[in-house]
Amino acid sequence: MDDKSPCNDIDFKIDQRQYTHTQEFINNLPYIVMMLLGAAIFIISFESPLWAYSGAIAYLVYAVTGTFWIMVFICPYCAYWNTRFCPCGYGTIAAKFRKKEAGNRFNEKFRKNIGVIVPLWFIPLFVGVPPIIRSFSWWLLFLLAAFILDAFVILPLFSIKHGCKACPQKNQCPWMKPKTNLSSQ
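Per my numbering, the very first residue in the sequence shown carries number 10; after that it's consecutive.
Written out as structure tokens, the structure reads:
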């Protein structure tokens with residue numbers, strides 16, 4: 010690899026597919042849908058408009074902040090940093106905030122920082138389940154079911170089958186690293 014390669018400190022081949030802004034938007038749709046469904050769960054779950062809308066806004070702010078957290082604290086260690094090869098577009102945005110860091114620390118940084126956004130998958134459930142138990146609502150049930158389908162099925166499948174599939178760091182990634190068979194060791 011040449012010195013300008015985003016992965017000159019890691020021994021792997023980078024996928025050469027470049028993404029347009031439209032493709033990046035489509036690749037982010039499951040996450041955007043999760044954010045919007047989570048906010049809708051807040052709005053439907055609280056009787057008080059003050060709590061409903063302030064909770065929804067806080068959830069959206071947290072989701073957007075979490076996205077920038079990933080860009081600032083994980084993306085600089087990614088091989089796709091500052092390239093159009095990043096399926097979600099975070100790599101080019103991250104370059105505006107941070108300089109490139111050693112790619113061999115990607116696994117460490119991913120493990121350390123991914124926990125910041127994990128609560129986004131659970132907060133709407135903690136908010137929506139108690140009200141549905143107290144007074145059943147088909148609308149809230151629909152939102153919770155749609156949220157669960159998107160957050161726990163569509164988004165992970167979309168990431169694994171698309172975004173992570175061609176990632177040059179998938180063998181180092183805690184989510185994609187090939188699992189070892191303990192019985193064969």
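Note that the Cβ used here is the ideal one computed from N, Cα and C, for glycine as well.
For residue i, the first and last residue of its enclosing alpha helix (DSSP H)
{"i": "Tyr28", "result": "From DSSP, Tyr28 is part of no alpha helix (DSSP H); its letter is neither H nor E."}
{"i": "Ser63", "result": "58-82"}
{"i": "Trp148", "result": "147-158"}
{"i": "Asn180", "result": "Premise fails: Asn180 is in no alpha helix (DSSP H) and is neither H nor E."}
{"i": "Tyr99", "result": "99-103"}
{"i": "Ile142", "result": "132-143"}
{"i": "Phe167", "result": "164-167"}
Nearest to residue i (by Cα), restricted to the options the options
{"i": "Phe119", "options": "His171, Gly137, Tyr86, Phe145", "result": "Tyr86"}
{"i": "Lys121", "options": "Ile102, Val81, Ile163", "result": "Val81"}
{"i": "Gln32", "options": "Pro183, Asn180, His171, Gln178", "result": "His171"}
{"i": "Leu38", "options": "Cys182, Gln178, Cys176, Leu166", "result": "Leu166"}
{"i": "Val199", "options": "Glu56, Ile83, Leu45, Tyr99", "result": "What is shown of the chain runs 10 to 194, which leaves residue 199 out entirely."}
{"i": "Ala160", "options": "Pro58, Cys176, Pro133", "result": "Pro133"}
Expected contact under 8 angstroms - CB spacing of residue i and residue j to nearest Å
{"i": "Val136", "j": "Gly75", "result": "Not quite, the Cβ-Cβ distance comes to about 17 angstroms (not below 8 angstroms), so this is no contact."}
{"i": "Trp90", "j": "Ala103", "result": "6 angstroms"}
{"i": "Leu153", "j": "Ile141", "result": "7 angstroms"}
Cβ pair residue i, residue j closer than 8 angstroms
{"i": "Arg107", "j": "Tyr28", "result": "no"}
{"i": "Leu149", "j": "Ile53", "result": "yes"}
{"i": "Leu158", "j": "Tyr40", "result": "no"}
{"i": "Asn116", "j": "Cys182", "result": "yes"}
{"i": "Phe156", "j": "Ile50", "result": "yes"}
{"i": "Cys6", "j": "Tyr99", "result": "What the structure shows of the chain is the stretch from 10 to 194, and residue 6 is not part of that stretch, so it cannot be assessed."}
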